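One structure is given here, and the rest of the page talks about it.
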Amino acid sequence: MKSLGVPKGKVAQHRSRTVDLMETGVSPESLESAYTEPSAAAQVSTIVPQAWHRKTGPAITMIESFYHAFHGIWIGLKEERNVRIHFSLVLVVTVLGLWLKVSTQDWISLIVAMSIVVSAEFVNTSLEHLVDISSNNEYHESARYAKDTAAAAVLIASVAAAAIGMIVFVPKLLALLAH
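Here the sequence shown is numbered in my numbering, starting from 1166 and rising by one per residue.
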């Protein structure tokens, strides 16, 4: 299994869980034979430099920093249900704001509120992953407290954003219904 860079008998971590090959009935040799190097055409056609894919140090350029930030957004949207929910609500609030023609001041309030909620969700997600790594997926009361308090931060930001949304939208919707 050296060609894959995976310790014999183990598969790399997936969602913070190490899978033991012996438990799954998959032999390391079958994985080794299934692995193929990417073709030269596939390697050349990529826009993202290969060195960025498994990098652990700081970004060298601003473009690389943006790449990693957008990659983080993509991971959040792909892997985390709550991130998808919050992004969907951002779309709903944006469409509603455009339809109701909210003022510039209201837009500022909505944008700040939505940004805080989405940012809190990303911080919560990253903290959950760090806690999983540091606790080796074993139960620790402190790990639970860390995850629960990070989730509480998202909840508080979401409730505040909902209140701002109601302050902005309810009077406009009531005025529409009155006509």
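No residue lacks a Cβ here, since even glycine has one placed at the ideal position from N, Cα and C. For clarity, every value in this text was computed on a predicted model and none was experimentally measured.
- Of the candidates Asn-1247, Ile-1238, Ile-1225 and Tyr-1232, Asn-1247 places its Cα closest to the Cα of Ser-1323.
- Your pair Ile-1329 and Ala-1285 does not check out as a contact, with CB atoms roughly 14 Å apart and the cut at 8 Å.
- In this structure, the CA atom of Gly-1241 is about 11 Å from the CA atom of His-1251.
- The same chain holds no residue with a CB closer than 7 Å to that of Ile-1321 once the five nearest residues on each side in sequence are set aside.
- Taking the CA atoms as reference points, Arg-1249 sits about 11 Å from Leu-1256.
- Annotation: the continuous alpha helix (DSSP H) that includes His-1251 extends over 1246-1265.
- Gly-1237 and Pro-1336 have their alpha carbons spaced roughly 37 Å apart.
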